[in-house]
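Written out below as C-alpha cells is the structure these notes cover.
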Amino acid sequence: MQIRIHRGASSDVLEARHGRSEPIRFVTPHKGPVPHDAVHLFVERAFGLQRGFWGLVAEGLAPDDLQALASAGGHPSASRASTPDPGIVQLLQAERLVEIFEADLWGGGQGDEADLLAMAGTACASSHVPLPSAPNGAVARVRADLAAFARAWTGLPRGGEVELEWVG
Numbered sequence: 043m044q045i046r047i048h049r050g051a052s053s054d055v056l057e058a059r060h061g062r063s064e065p066i067r068f069v070t071p072h073k074g075p076v077p078h079d080a081v082h083l084f085v086e087r088a089f090g091l092q093r094g095f096w097g098l099v100a101e102g103l104a105p106d107d108l109q110a111l112a113s114a115g116g117h118p119s120a121s122r123a124s125t126p127d128p129g130i131v132q133l134l135q136a137e138r139l140v141e142i143f144e145a146d147l148w149g150g151g152q153g154d155e156a157d158l159l160a161m162a163g164t165a166c167a168s169s170h171v172p173l174p175s176a177p178n179g180a181v182a183r184v185r186a187d188l189a190a191f192a193r194a195w196t197g198l199p200r201g202g203e204v205e206l207e208w209v210g
C-alpha cells in the first residue's frame, strides 16, 4: 500500500492507496515533530504488527472507523478500558508503542532500550494487552527509521509530501 503524507500548516493530509482502489484520505493534526501515523508505520513494521493501524487500513478500514472498532472491542478509552477483543490487541499494542517512540524521539532517541521496553510494557498493561515481542533489532530499527524520517520531514516545505510504503 502506498502512503503519501502532504505537509500542511497545522495539519497534514494522508493518502493511502492499495492497488488500483480509490485512495483513503484523512487529515491529522500536528502532534509533535513528525506525523503520528508515520510513527505507526515504522513501529508496526519493525515489531511485525500486521493488524495495527496500517494493517487495518490496508484491509480497507478507514481511520475514522478504527475508533469505533476499538470501542466495540471493549476499549473506548484508556480510562474505561477492559480486556479487549482479540481483534484489536495489535491495534492497541501499536498505539502504546507509538506513544513511547514519540516520547523517545522528542527526547533525542538516546535512552536505554531496556528502559524503553519497560515503559512500553507498562503502557500496554494499562490497555490490558501484553507487550508484543520485540524482534532482534526492532528498537534500533524504529529509532533509525524515525530519525531519518524526522530529518526529511523537518526539511520539507509546507505543501511538500513524502511517500512511504506499507507491506503487510
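Just so we're aligned, residue 43 is where the sequence shown starts under the numbering used here, counting upward by one. Glycine residues also receive a C-beta, built at the ideal position from the N, C-alpha and C atoms. All of these numbers come straight from a predicted model, not from anything done at the bench.
Residue j beta carbon less than 9 Å from that of residue i
i     : j      : result
Gly50 : Gly201 : yes
Buried/exposed call for residue i, threshold 16 Cβ in 10 Å
i      : result
Trp96  : buried
Asp79  : buried
Gln132 : buried
Gly94  : buried
Asp106 : exposed
Arg185 : buried
Asp157 : exposed
Neighbourhood of residue i by C-beta, 6 Å cutoff - its chain only, sequence neighbours within 5 removed
i      : result
Leu173 : Ala162, Gly163 and Cys166
Residue i - DSSP class collapsed to helix/strand/coil
i      : result
Gln135 : helix
Ala104 : coil
Pro128 : helix
Glu144 : helix
Val171 : coil
Ala51  : coil
Glu86  : helix
C-alpha gap between residue i and residue j, whole angstroms
i      : j      : result
Pro65  : Asp154 : 39 Å
Val209 : Arg62  : 15 Å
Arg212 : Pro128 : One cannot answer for residue 212 here, as it falls past the ends of the chain, which runs 43 to 210.
Glu101 : Ala136 : 16 Å
Ala194 : Ser113 : 35 Å
Leu188 : Ser169 : 24 Å
Own chain residues within Cβ distance below 8 Å of residue i, not counting five before or after
i      : result
Pro199 : Arg49
Close beta carbons around residue i, own chain, < 7 Å, minus the five adjacent residues each side
i     : result
Val99 : Ala58, Ile66 and Pro105
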